[in-house]
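Protein sequences appear in the order of chains A and B. If you use this note's numbering, the first sequence corresponds to residues 21 to 478, in order. If you use this note's numbering, the second sequence corresponds to residues 10 to 99, in order. Just so it is clear, CB atoms sit at the ideal spot from N, CA and C, and this is done for glycine as well.
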Amino acid sequence: MKVKKIFLPESELPRQWYNIMADMPTPMEPPLHPGTGQPIGPDELAPIFPMPLIEQEVSQERWIDIPEEVLDKYVIWRPSPLYRAYQLEQYLDTPAKIYFKNEGVSPAGSHKPNTAIAQAYYNKISGTKKIYTETGAGQWGSALSFSCALFGLECKVYMVRISFNHKPYRRIMMETWGANCVGSPSTETASGRAILEKDPDCPGSLGMAISEAVERAVGEETAKYALGSVLNHVMLHQTVIGLEAQKQMEIAGDYPDIVIGCSGGGSNFAGLALPYVLDKINGKEIDIIGVEPTSCPTMTRGPFSYDFGDTGQLTPLLPMHTLGHNFVPEAIHAGGLRYHGMSPIVSQLMMDDLIRAEAIPQMETFGAGVKFARSEGFISAPETNHAVACTIREALKAKEEGKEKVILFNWSGHGMVDLAAYNDFNSGKLADHELADEEIQRALDDIKELPKPKQFKG
Amino acid sequence: MKRTDTPPNDDYQIRCPRLGHQIAFSYCRVENKGLPCFKAVDCWFEHFEAEPYLKAQLTPEEWDKAFNTQTQPKMLTLLDLIEQAQKIKS
Numbered sequence: 021m022k023v024k025k026i027f028l029p030e031s032e033l034p035r036q037w038y039n040i041m042a043d044m045p046t047p048m049e050p051p052l053h054p055g056t057g058q059p060i061g062p063d064e065l066a067p068i069f070p071m072p073l074i075e076q077e078v079s080q081e082r083w084i085d086i087p088e089e090v091l092d093k094y095v096i097w098r099p100s101p102l103y104r105a106y107q108l109e110q111y112l113d114t115p116a117k118i119y120f121k122n123e124g125v126s127p128a129g130s131h132k133p134n135t136a137i138a139q140a141y142y143n144k145i146s147g148t149k150k151i152y153t154e155t156g157a158g159q160w161g162s163a164l165s166f167s168c169a170l171f172g173l174e175c176k177v178y179m180v181r182i183s184f185n186h187k188p189y190r191r192i193m194m195e196t197w198g199a200n201c202v203g204s205p206s207t208e209t210a211s212g213r214a215i216l217e218k219d220p221d222c223p224g225s226l227g228m229a230i231s232e233a234v235e236r237a238v239g240e241e242t243a244k245y246a247l248g249s250v251l252n253h254v255m256l257h258q259t260v261i262g263l264e265a266q267k268q269m270e271i272a273g274d275y276p277d278i279v280i281g282c283s284g285g286g287s288n289f290a291g292l293a294l295p296y297v298l299d300k301i302n303g304k305e306i307d308i309i310g311v312e313p314t315s316c317p318t319m320t321r322g323p324f325s326y327d328f329g330d331t332g333q334l335t336p337l338l339p340m341h342t343l344g345h346n347f348v349p350e351a352i353h354a355g356g357l358r359y360h361g362m363s364p365i366v367s368q369l370m371m372d373d374l375i376r377a378e379a380i381p382q383m384e385t386f387g388a389g390v391k392f393a394r395s396e397g398f399i400s401a402p403e404t405n406h407a408v409a410c411t412i413r414e415a416l417k418a419k420e421e422g423k424e425k426v427i428l429f430n431w432s433g434h435g436m437v438d439l440a441a442y443n444d445f446n447s448g449k450l451a452d453h454e455l456a457d458e459e460i461q462r463a464l465d466d467i468k469e470l471p472k473p474k475q476f477k478g
Numbered sequence: 010m011k012r013t014d015t016p017p018n019d020d021y022q023i024r025c026p027r028l029g030h031q032i033a034f035s036y037c038r039v040e041n042k043g044l045p046c047f048k049a050v051d052c053w054f055e056h057f058e059a060e061p062y063l064k065a066q067l068t069p070e071e072w073d074k075a076f077n078t079q080t081q082p083k084m085l086t087l088l089d090l091i092e093q094a095q096k097i098k099s
């Protein structure tokens, strides 16, 4: 019998997180206070974050010890298993070896508790009694609720009203872990009341929910706020994924040619990728791909051409299926992991050419999720399907090229609370739509002078 | 299937990468305090002619506010919110 799962013993759980800030080829500039022009100082963030997390946010130390109390909680589900996806390989008839790190085994069902546990701990030792946060569908809210329960902290979650009304399951998870979850905007805050006064039926937004959470955290002496993505300390805590994966891949006797993760705010992608980025900085040849939803017309009908990564034409020419950089207005063109909801670390690594972005349309991601479920059994979270889809693309490319590539991806969460999305896909409610020919021609005219890569057959 | 000029009805929902669940265009149209979500065109262009539709619906000022406003790093957003909250507190 072939080995399917590679487990690490608990004694092999990493004792330190990896901080890529120490190794960034282009050092990260600290954000400047718009009023003073000076770097934002710890005192300015202290109203919402405990000091240990502020220190981690700006730390240049390469390795940061994981406290024993955090390890004690991590072992509830960590080290997470590394799987060899034999059935998917067989289904695709690919020579590629596919591995995936299963982060869906956490109690909350995703990678999010890796940082939620750490944040709850640092708040606890700093005297925090209550943590406020915001959430959409509830993946982060449920992770933080679970973590607060383990450390005896109160947790209050402002959940975007439209999600609160229509997506009850993670709200129920939060409440089961003892958190108090309310729909946002709420009447509990000045910012919420101001919105409701103008629009009593307001469906809410993440912006409104974060305003409410921060307002409450600032207003109470022993309360703080927590964020589950984007910030440097969040990326740091997630590196436990990649550090474990490196040990497990060594046991498997393979080293990845390609590392893949889906990237919304960047945290699960960074968690797997950053330790491998260090390897790449040190000379390893490795393709590290962050996958995101299609955000500009990277179309199957367009020629495979080079295009600028942004409309300012500042980024290097990137080969992609494209309809050209002028297809959408500059500010809307959010592709390439560069919009403000993305981790600055991930954005900078892309600018430094250490990682790259790939955009995949929604239909392809769900199709990939179904293939994965029918071969490997697991039903992926819809975000995770982006990584699955990219893995399938790369495995099929390896087949075309006849190469035995080793692919490692982060299976960041299960989709058992997201079945409505699968239902829409399975019942054909989602559809592929074509662009009008004149739109395509107009966009192609923009890029006709650009150089074409070898693969171009137009 | 050809893309339509107008949005699909609310039965047609796509994945919102920010909220993390299926959502209809009617929400994306007003997400930003009555203005469209800054990702509305990005997410919907595959499903209907989102850009011309929204350009026709919005004034040039509203369009700029929704889509051409300079965004800032998350840390600065948090700083703004802290300052607002401190004013409310005092």
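- Interface annotation, Ala94 (chain B): in contact with chain A, CB-CB separation under 8 angstroms.
- For Asn18 (chain B), there are no C-beta contacts with chain A under 9 angstroms, since the nearest C-beta of that chain is about 11 angstroms from it.
- Tyr21 (chain B) is not bridged by DSSP to any residue.
- In terms of CA proximity to Glu305 (chain A), A:Val297 leads the group A:Glu312, A:Val297 and A:Val311.
- Under the 8 angstroms criterion on CB atoms, Tyr21 (chain B) is classed as interfacial with respect to chain A.
- With a threshold of 8 angstroms between beta carbons, Leu44 (chain B) makes no contact with chain A.
- A Cβ-Cβ separation of about 10 angstroms leaves Leu294 (chain A) out of contact with Gly281 (chain A) under the 8 angstroms criterion.
- At least one CB atom of chain B sits nearer than 8 angstroms to the CB of Asp444 (chain A).
- Neighbours of Pro381 (chain A) in chain B, taken as residues whose beta carbon is under 9 angstroms from its own, are Glu55 in chain order.
- Across the set A:Lys267, A:Ser231, A:Pro47 and A:Glu75, the C-alpha of A:Pro47 shows the shortest separation from the C-alpha of Gln368 (chain A).
- By the C-beta criterion, the segment 252-267 of chain A is judged not to be in contact with the segment 221-237 of chain A, since fewer than 3 inter-stretch pairs fall below 8 angstroms.
- Taking CB atoms only, Arg38 (chain B) has no neighbour in chain A less than 8 angstroms away.
- Under the Cβ distance rule, Leu251 (chain A) counts among the residues neighbouring chain B, one pair being separated by less than 8 angstroms.
- DSSP, reduced to helix, strand and coil, places Trp197 (chain A) outside both helices and strands of the structure shown, so it counts as coil.
- Taking the Cα of Pro205 (chain A) as reference, the smallest distance to any Cα among A:Ala66, A:Met383 and A:Ser225 is reached at A:Ser225.
- A distance below 8 angstroms separates the beta carbons of Ser363 (chain A) and Val250 (chain A).
- The C-alpha of Gly57 (chain A) is placed about 45 angstroms away from the C-alpha of Ala441 (chain A).
- Within chain A, no residue has its beta carbon less than 7 angstroms from that of Leu67 (chain B); the closest one is some 12 angstroms off.
- With the criterion set as a beta carbon lying under 9 angstroms from some beta carbon of chain B, the members of the segment 74-108 of chain A are Glu77, in sequence order.
- In chain order, Asp20, Tyr21 and Gln22 make up the part of chain B whose C-beta sits under 9 angstroms from the C-beta of Lys449 (chain A).
- Apart from the 5 residues on each side of it in sequence, Glu75 (chain A) sits with its Cβ closer than 8 angstroms to the Cβ of Pro62 in its chain, given in chain order.
- Only residues of its own chain outside the window of five on either side were considered, and among them Glu30 and Leu33 have a CB closer than 7 angstroms to the CB of Val95 (chain A), listed in chain order.
- For Asp85 (chain A), DSSP records a beta bridge to A:Gln36.
- Interface flag for Lys98 (chain B) against chain A is set, since a Cβ pair is found closer than 8 angstroms.
- Gln139 (chain A) and Trp83 (chain A) do not touch by the CB rule: their CB atoms are close to 19 angstroms apart, not below 8 angstroms.
- Think of a sphere of 7 angstroms around the beta carbon of Ser183 (chain A): the chain B residues whose beta carbon falls inside it are Leu28 and His30, in chain order.
- Val250 and Leu251: these are the residues of the segment 245-275 of chain A whose beta carbon lies less than 7 angstroms from some beta carbon of chain B, given in chain order.
- DSSP lists A:Ile309 as the beta-bridge partner residues of Arg376 (chain A).
- In the three-state DSSP reduction, Ala116 (chain A) falls in the coil class, being neither helix nor strand.
- Within the model, the alpha-carbon separation for Tyr141 (chain A) versus Cys175 (chain A) is close to 13 angstroms.
- Inter-residue distance for Pro72 (chain A) and Ala136 (chain A) is about 14 angstroms (C-alpha atoms, whole angstroms).
- Contact between Ala157 (chain A) and Leu28 (chain B) holds: CB atoms are separated by about 6 angstroms, below the 8 angstroms threshold.
- For Ile68 (chain A), the chain B residues whose Cβ falls inside 9 angstroms of its Cβ are Leu87, Leu90, Ile91 and Ala94, in order along the chain.
- In terms of CA proximity to Asp444 (chain A), B:Tyr21 leads the group B:Tyr21, B:Thr78 and B:Ile91.
- Within the segment 168-236 of chain A, the complete alpha helix (DSSP H) segments at least 4 residues long are 181-186, 188-196 and 210-218, listed from N- to C-terminus.
- By the neighbour-count definition (other C-beta atoms within 10 Å, threshold 16), Ile271 (chain A) is an exposed residue.
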